[in-house]
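Residue 456 is where the sequence shown ends in our numbering, and the numbering goes up by one at each step.
Everything below concerns the one structure shown next.
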Amino acid sequence: MYKNILKLSAGLLLAAGMTAGPAMAGGEAEVLHWWTSGGEAKALKVLKDDFAKNGGTWKDMPVAGGGGDAAMVTLKARIVSGDPPTAAQIKGPTIQEYDDEGVVGPYNIHAVASAENWDALLSPQVANHMKCDGFTKYCAAPVNIHRIDWFWANKKVLDANGLKMPTSWDEFNAAAKKLKAAGIIPLAHGGQPWQDATVFEAVALGIGGNEFYQKAIVDLDMNALGSSTMVKVFDQMRILQGFTDEGMPGRDWNVATGMVMNGKAAFQIMGDWAKGEFANAGLKPGEDYYCLPTPSNHGYLYNVDSFIFFSVKGKNKIEGQKLLASLMMGKNFQKVFNLYKGSIPARLDVPMDEFDLCAKGSAADLNYSAMTGGLLPSFAHGMALKLAQKGAIQDVVTEHFNSDMSSQEAASRLVRAVKDSL
Ligand code: GAL
35 MYKNILKLSA
45 GLLLAAGMTA
55 GPAMAGGEAE
65 VLHWWTSGGE
75 AKALKVLKDD
85 FAKNGGTWKD
95 MPVAGGGGDA
105 AMVTLKARIV
115 SGDPPTAAQI
125 KGPTIQEYDD
135 EGVVGPYNIH
145 AVASAENWDA
155 LLSPQVANHM
165 KCDGFTKYCA
175 APVNIHRIDW
185 FWANKKVLDA
195 NGLKMPTSWD
205 EFNAAAKKLK
215 AAGIIPLAHG
225 GQPWQDATVF
235 EAVALGIGGN
245 EFYQKAIVDL
255 DMNALGSSTM
265 VKVFDQMRIL
275 QGFTDEGMPG
285 RDWNVATGMV
295 MNGKAAFQIM
305 GDWAKGEFAN
315 AGLKPGEDYY
325 CLPTPSNHGY
335 LYNVDSFIFF
345 SVKGKNKIEG
355 QKLLASLMMG
365 KNFQKVFNLY
375 KGSIPARLDV
385 PMDEFDLCAK
395 GSAADLNYSA
405 MTGGLLPSFA
415 HGMALKLAQK
425 GAIQDVVTEH
435 FNSDMSSQEA
445 ASRLVRAVKD
455 SL
């Protein structure tokens, strides 16, 4: 008995020492994120483990909901109540929007970014997304680059039906029609606004082209938003809706990916976090599933996952921010994390040889698109617009997709909604 108590207290001491000791060195971080699917959680664990190994204490704050819409609502509430998390997953112009509210400065991680010369490790485009104070100081750290405009498909199902990966939207429509007739769900989709928006932007890029996407979705040019090209985009959305199944409403994206994995459905249009799910299930591209960009003229819709570091008080939290930022930009971390996540590294100097063919293709396409004007920010994933404009477009897209609204009506509503949001 006595002996047992001794054992217990020794165990407790050890446990206390293990956390309390190094935690002083590494600081603490409450991290708000929306990575709750199998592949996402596996990737995030790399960061959690790295943080703990370096003496940090991680307080997990997951807010489930693909695309992060729910996480952004929770984040807003935390900021409004004056209690920001130490780090929060966030993207694109929303970073600068928060800076404008005065809740990010004095930019605790900028010194780390300068010392590690992040400017030399990132493309200027990615680096700028991470900067506050008039794009002069780092206030966020990037962990990857996701591509949005992808088709994922079950290889067996395609092979059994004599189908190849489609290289035009017409080809896709014809393949989907054939699959439907054979009793297979052509398109696995989850009826959630952000998923509808994800499909919409791939279609807008493909049907409209790079310049159209830039004008309509990034520059919010009213003529482009209400154009006959936009009507055609909505026409294709209506066709796609006909290829989804009755279980679509509310379905999570990873459940839809699961339908492609088990052959219930043939295709999914989704960013390459879907590949994280295939990888997590032990499936291989080219052997079990196919990946191919959705048809476009060398367009590439990018989405950089990043974490913002708000103004926080207390040495421990600031140390935690600095450690996290440094780890996120670690060369080996960016490799291992992205192998699980399905994306490619944001750092330019990470070798791609251990990555699969989808990731290698993504990296090559990104470079090509960057040179030829097709590298464009995803609106559905918060890279192109401020939250109000993003929400305005997403609402119309969802309303159209989930009703029998005409394409013309949808294009007109898009113009009105965007105007009202400005
Ligand atoms: C995206 C995010 C990805 C992935 C996806 C689904 O917005 O960039 O990392 O998590 O949502 O939740």
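All C-beta atoms, glycine included, are put in the ideal place defined by N, C-alpha and C.
This one's a predicted model, so the numbers in the text were calculated from it and none came from an experiment.
Is the beta carbon of residue i within less than 7 Å of some heavy atom of ligand 1?
i	result
residue 69	yes
residue 163	no
residue 184	no
residue 383	no
residue 337	yes
residue 144	no
residue 223	no
residue 74	yes
residue 102	yes
residue 307	yes
residue 434	no
residue 92	no
residue 203	no
residue 287	yes
residue 180	yes
residue 332	no
Going by DSSP, which residues form a beta bridge with residue i?
i	result
residue 94	65
residue 122	66 and 342
residue 179	378
residue 171	166
residue 187	301 and 324
residue 319	323
residue 225	283
I need the boundaries of the alpha helix (DSSP H) containing residue i, first residue and last residue.
i	result
residue 419	Premise fails: residue 419 is in no alpha helix (DSSP H) and is neither H nor E.
residue 129	127–134
residue 26	Because the chain spans 35 through 456 in this model, residue 26 falls outside it and cannot be assessed.
residue 259	256–259
residue 250	First-last for residue 250: undefined, no H or E at that position.
residue 274	262–275
residue 81	72–87
residue 148	144–149
residue 109	103–114
residue 155	152–155
Counting along the chain, where does the beta strand (DSSP E) carrying residue i start and finish?
i	result
residue 238	Counting along the chain, residue 238 falls outside any beta strand (DSSP E), and DSSP gives it neither H nor E.
residue 334	334–337
residue 176	174–176
residue 323	323–327
residue 219	219–221
Out of the options, state which residue places its alpha-carbon closest to the alpha-carbon of residue i.
i	options	result
residue 313	74, 67, 331 and 287	74
residue 433	383, 337 and 271	271
residue 170	187, 141 and 77	141
residue 275	262, 423 and 301	301
residue 200	117, 227 and 330	330
residue 187	97, 320, 342 and 234	320
residue 92	365, 81, 207 and 371	81
residue 357	231, 69 and 90	90
residue 95	191, 104, 66 and 112	66
residue 454	438, 439, 441 and 424	424
residue 72	351, 374, 138 and 397	374
residue 377	366, 385, 386 and 393	393
residue 417	235, 367 and 448	235
residue 138	172, 157 and 324	172
residue 431	229, 125 and 411	229
residue 273	442, 103, 435 and 61	435
residue 133	165, 123, 119 and 160	165
residue 120	386, 413, 351 and 405	351
residue 335	415, 316 and 323	415
residue 161	398, 439, 296 and 382	382
Please tell me whether, using a cut-off of 7 Å, the distance from the CB of residue i to the nearest non-hydrogen atom of ligand 3 is below it.
i	result
residue 252	Judged by which ligands are present, ligand 3 is missing from the structure shown, whose ligands are ligand 1.
Whole runs of the alpha helix (DSSP H) within the segment 283–314, excluding any shorter than 4 residues | Correct list: 287–295 and 307–314.
4 or more residues per run - each alpha helix (DSSP H) lying fully within the segment 189–216 = You should have 189–194 and 203–215.
Whole alpha helix (DSSP H) runs in the segment 378–456 with 4 or more residues, listed along the chain?
-> List check, alpha helix (DSSP H) in window: 391–406, 421–435 and 441–455.
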